[in-house]
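The structure appears below as structure tokens.
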Amino acid sequence: MSTLPELRKLERILELGRDQLEVEVACEVNAGKKCFPVYRLAMGNPDPKLPAIGFFGGIHGLERIGTQVLLYFLQSLLTRLAWDKSLQHLLQNVRLVFMPLINPGGMWQSTRSNPQGVDLMRNAPIEATSGVPFLLGGHRISPLLPWYRGVAGAEMESENQALCRAVTEELLGRPFSIAVDCHSGFGLRDRVWFPHAYCAHPIDHLADIVTLEELFQQTHPNNRYLFEPQSVQYRTHGDVWDYLYLQALRDKNKIFLPLTLEMGSWLWVKKNPRQLFSRQGIFNPSVEHRLHRVLRRHAIWLDFLMRAAGGHDSWLLKGPKRLRMQERAVARWYRP
């Protein structure tokens, strides 16, 4: 049994869901003398003709709250399956994939990077075009500095290879899929980011992102999420979701929407300035009631995405309506 609290919790959830979950160890990660599994879970209908959604977290070891949100949501789903007939019916028509703790070695060591000093969100083989902030946007200077990309020309880190395999095998071959990756640490607001991070060009599926945003606003009108391309804030090399989105574009008949939930941890620090004196406190809520509120709030977003994936045929725009939505979205984010 692991001594990492989040991994212990995950393994208890695996026991709870042993009859519903498909469980695989996607890779193993060494951190000093410790060896940690990276779990890949799935539930729902495996038929590749059906839609799917993937839930990912723990890419940055300091951002424990992303993993905690996914574990809270997964445990809720497994508990509800015993009695919730609407959820049982939904899972006959959609596939769910979970990788809630992708970087257990970094979480064990309390670092953003993995045990090799590589930032997994700067590690994919994709180069930003321009306007990349020094260090923050990714560099190859030294693993002793944050945001290190790894050695030029080397394979992606094992954690990223496991992530890419899961997305390729479970999501990209389907007619419609969503990925949501849970992070924390930027700004006073919760943001939903989407590609690109490597350039400031609109993605082909911008209309679908905005339609999804409007659907969420109509369904939950009092939410606090700000939707925007990541490039609006800053650009980076090596973003794994840019890389996977570009892979998905090889098949124009399929839709893959990669989203990043960026929880605004500065708000937690603003309410409790003492968190500034802790590396964990900068990225995670430290007060218990605030943690519980964060878990509940973001579970609503994850549940919405799951249901939106299952019902995508009912809200995706086609033809002239989609073209008009794409033009409106381009004007919103990409024109001065």
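Its first residue numbered 16, the sequence shown is counted upward by one per residue in the numbering used here. Virtual Cβ for every residue (Gly too), placed ideally from N, Cα, C.
Considering only the alpha carbon of each residue, which of the options lies closest to residue i?
| i | options | result |
| --- | --- | --- |
| residue 86 | 27, 132, 149 and 156 | 27 |
| residue 240 | 228, 261, 68 and 331 | 228 |
| residue 58 | 341, 183, 315 and 36 | 36 |
| residue 214 | 133, 98 and 142 | 142 |
| residue 34 | 259, 62, 184 and 97 | 97 |
| residue 56 | 64, 133, 184 and 169 | 184 |
| residue 278 | 84, 32 and 321 | 84 |
| residue 339 | 221, 260 and 299 | 221 |
| residue 20 | 93, 120 and 62 | 120 |
| residue 158 | 176, 135, 147 and 180 | 135 |
| residue 160 | 200, 251, 231 and 150 | 150 |
| residue 24 | 311, 115 and 50 | 115 |
| residue 182 | 93, 257 and 126 | 257 |
| residue 197 | 249, 88 and 188 | 88 |
| residue 66 | 126, 328 and 299 | 328 |
| residue 225 | 78, 345, 94 and 124 | 345 |
| residue 95 | 318, 43 and 72 | 318 |
| residue 208 | 233, 254, 173 and 176 | 254 |
Compute the Euclidean distance between the alpha carbons of residue i and residue j, then round it to the nearest angstrom.
| i | j | result |
| --- | --- | --- |
| residue 111 | residue 191 | 13 Å |
| residue 47 | residue 76 | 15 Å |
| residue 335 | residue 41 | 42 Å |
| residue 333 | residue 223 | 10 Å |
| residue 263 | residue 271 | 7 Å |
| residue 102 | residue 193 | 18 Å |
| residue 266 | residue 315 | 31 Å |
| residue 171 | residue 139 | 6 Å |
| residue 117 | residue 128 | 11 Å |
| residue 355 | residue 31 | Residue 355 is absent from the model: the chain starts at 16 and stops at 351. |
| residue 342 | residue 243 | 15 Å |
| residue 261 | residue 81 | 25 Å |
| residue 29 | residue 38 | 8 Å |
| residue 164 | residue 274 | 21 Å |
| residue 276 | residue 245 | 11 Å |
| residue 167 | residue 155 | 7 Å |
| residue 60 | residue 145 | 42 Å |
| residue 236 | residue 132 | 41 Å |
| residue 210 | residue 312 | 24 Å |
| residue 204 | residue 238 | 11 Å |
| residue 125 | residue 52 | 17 Å |
With H, G and I counted as helix, E and B as strand and the rest as coil, what does DSSP make of residue i?
| i | result |
| --- | --- |
| residue 292 | In this prediction, residue 292 has a pLDDT of 49, which is less than 50 and means its spatial position is unreliable; what the coordinates show is noted afterwards. Helix at residue 292. |
| residue 104 | helix |
| residue 141 | coil |
| residue 87 | helix |
| residue 236 | coil |
| residue 172 | coil |
| residue 21 | helix |
| residue 29 | helix |
| residue 149 | coil |
| residue 179 | helix |
From what residue to what residue does the beta strand (DSSP E) around residue i run?
| i | result |
| --- | --- |
| residue 208 | 205-209 |
| residue 198 | 191-199 |
| residue 49 | 49-59 |
| residue 349 | Here residue 349 belongs to no beta strand (DSSP E); instead the alpha helix (DSSP H) covers 334-349. |
| residue 275 | 270-278 |
In the DSSP assignment, the alpha helix (DSSP H) including residue i goes from what residue to what residue?
| i | result |
| --- | --- |
| residue 45 | Segment 37-46 is the beta strand (DSSP E) holding residue 45; no alpha helix (DSSP H) there. |
| residue 321 | 303-325 |
Per DSSP, which one or two residues make a beta bridge with residue i?
| i | result |
| --- | --- |
| residue 258 | Beta-bridge pairing links residue 258 to no other residue. |
| residue 122 | None; residue 122 has no bridge partner. |
| residue 111 | 58 and 68 |
| residue 241 | 206 |
| residue 163 | 154 |
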